[in-house]
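Trainee: Quick one: the structure is below, questions incoming.
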Amino acid sequence: MADRRTFLKDSILASSLLLATPARATAAVKRASARVVSTWDFGVAANAAAWEILSKGGRALDAVEAGARVPEQDLRNHSVGRAGYPDRDGRVTLDASIMDEHGNCGAVAAIEHIAHPISVARRVMEKTPHVLLVGDGALQFAIEQGFAKEDLLTPESETAWRAWLKTAHYDPVANSEVKSDQATPAGGVRGDARNHDTIGMLALDAHGNLSGACTTSGMAWKLHGRVGDSPIIGAGLYVDNDVGAATSTGVGEEVIRNVGSFLVVELMRQGRSPEDACREAVARIIKRKPHGVKDLQVGFLALNRHGDAGAWAIQKGFSYAVCDASKQDALIPAKSTF
Ligand code: GLY
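Residue numbers (the numbering used here): 10 to 347.
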């Protein structure tokens, strides 16, 4: 009798395993479709660099680092990396974070003189027991790691900063340095298509693993020492390999207040689609500032573990780039609340 019971138990176990196998196989196949998404139109070129790695079966972490380095070294890009606009004192200070499929993360904030903060963030993650290094300490660590110390203030950025100095009245609230009725040196309004910031990049690799990267020079003409959402894990970037990943762009103070990217991932965990999770995270920001969002732009971008992507912004004008085996350079306008 005991043998029969054991036999029955083993048979039930075996058949349930057999039944479970196709479902797991389907999930594995679905997860194996590599994809990378990035904020804004400069995400197209960044995605191409990431896709070089993903399309060969490479790791999502390597892909997002390689992708983020593209706008960091683009001299036409005044909101990320080397040619980023300086702070109020004329100093270029950069923020970046990176996170992998195991929940490892690293970040640098207000780092000066280093053209690729995303790579320093990765070294923080891989070579130290810490998550975030700031200012002089981040620079010292970068130099110890072999990064070149450079002057990042380009002649064009300096000219724009000096022009701002002539007219500037600093009012230290979020988004104050470039009001929506005020032309920016970039020729647009903060948060619109001509004056966007921050590359946030999320990738799913052929092994079904997610990683993310986020890098920016932050708000132009900010107070020296101001740090936005981009290097704050959970605000500008969050990755949970069991659920999905999210990143943000726009006025970092509002994203930090709402722990935006963590919120998006948690909403996806509760079953929301990437787009719906981003929409809800935007709604939380608006709820806290019902009368103050007219001039405010924040956009979220999310990628779930199946490779579904979605985004949402407060204002029109936010777009995100998608690259996978079927489309190499798609640029998608995000939906917005206003
Ligand atoms: N989202 C970039 C910043 O606020 O610094």
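Think of the CB as a built atom: it goes at the ideal place given N, C-alpha and C, for glycine as much as any other residue.
If you're wondering where the values come from, they're calculated on a predicted model, not measured in any experiment.
1) Can you grab the Cα-Cα spacing for the pair residue 69 / residue 94, in whole Å?
2) Which value, in whole angstroms, describes the spacing of the CA atoms of residue 123 and residue 161?
3) By Cβ distance below 7 Å, which residues in the same chain neighbour residue 54 in space, the five residues on each side in sequence not counted?
4) Determine the direct distance from the alpha carbon of residue 102 to that of residue 278, and round the result to whole angstroms.
5) Cβ of residue 228 within 7 Å of any heavy atom in the ligand GLY?
6) Pairs of beta-carbons, one from the segment 261–276 and one from the segment 131–147, closer than 8 Å: are there three or more?
7) Using the Cβ count rule (16 or more neighbours within 10 Å means buried), how would you classify residue 193?
8) According to DSSP, simplified to helix, strand and coil, what is residue 175?
9) Would you mind stating whether residue 8 and residue 334 have Cβ atoms separated by less than 8 Å?
10) Check whether the Cβ atoms of residue 110 and residue 220 sit closer than 8 Å, and answer yes or no.
11) With three or more C-beta pairs closer than 8 Å as the rule, is the segment 246–258 touching the segment 310–324?
12) Should residue 58 go down as buried or exposed, given a rule of 16 or more other Cβ atoms within 10 Å for buried?
13) Quick one: what's got a C-beta closer than 6 Å to residue 247's C-beta in the same chain, skipping five residues either side?
14) For my contact list, residue 306 and residue 323 are in at a C-beta cut-off of 8 Å; report their separation, rounded to the angstrom.
15) My understanding is that residue 125 touches residue 155, with C-beta atoms under 8 Å, so please give their C-beta distance in whole angstroms.
16) Could you work out which residue in 236, 291 and 281 is closest to residue 267 when comparing CA atoms only?
17) To the nearest angstrom, report how far apart residue 152 and residue 158 are at their CA atoms.
18) Does DSSP classify residue 152 as helix, strand or coil?
19) Using only CA atoms, which one of 238, 135, 231 and 227 lies nearest to residue 174?
20) Rounded to a whole number of angstroms, what is the C-alpha to C-alpha distance between residue 61 and residue 73?
21) At the level of alpha carbons, what is the spacing between residue 237 and residue 87?
Mentor: Looking at the coordinates:
1) A direct Cα-Cα distance of roughly 29 Å separates residue 69 from residue 94.
2) For residue 123 and residue 161, the gap between their C-alpha atoms comes out near 8 Å.
3) For residue 54, where only same-chain residues beyond five positions count, the Cβ hits under 7 Å are 79.
4) Answer to the nearest angstrom: the Cα atoms are 35 Å apart.
5) True, at least one ligand heavy atom lies under 7 Å from that Cβ.
6) Short answer: they don't touch.
7) Only weak support exists for where residue 193 lies, its pLDDT of 42 falling under 50; the coordinates are left without a value.
8) Assigned with DSSP and collapsed to three states, residue 175 falls in helix.
9) Outside the shown range of the chain (10 to 347) lies residue 8, about which nothing can therefore be said.
10) The answer is yes: Cβ separation under 8 Å.
11) Contact holds: three or more Cβ-Cβ distances are below 8 Å.
12) Classification of residue 58: buried, given that the 10 Å Cβ count is 16 or more.
13) Excluding positions up to five away in sequence, the list reads 255, 270, 271 and 274.
14) Sure, about 6 Å apart at Cβ, within 8 Å.
15) Between residue 155 and residue 125 the Cβ distance is about 12 Å, and since that is not below 8 Å, they are no contact.
16) Closest by alpha carbon: 291.
17) Put simply, the backbone Cα of residue 152 is about 7 Å away from that of residue 158.
18) Judged by DSSP in its simplified three-state form, residue 152 adopts helix.
19) For residue 174, the nearest C-alpha among the options comes from 231.
20) Cα to Cα, the separation comes out at about 11 Å.
21) Going from the Cα of residue 237 to the Cα of residue 87 covers about 16 Å.
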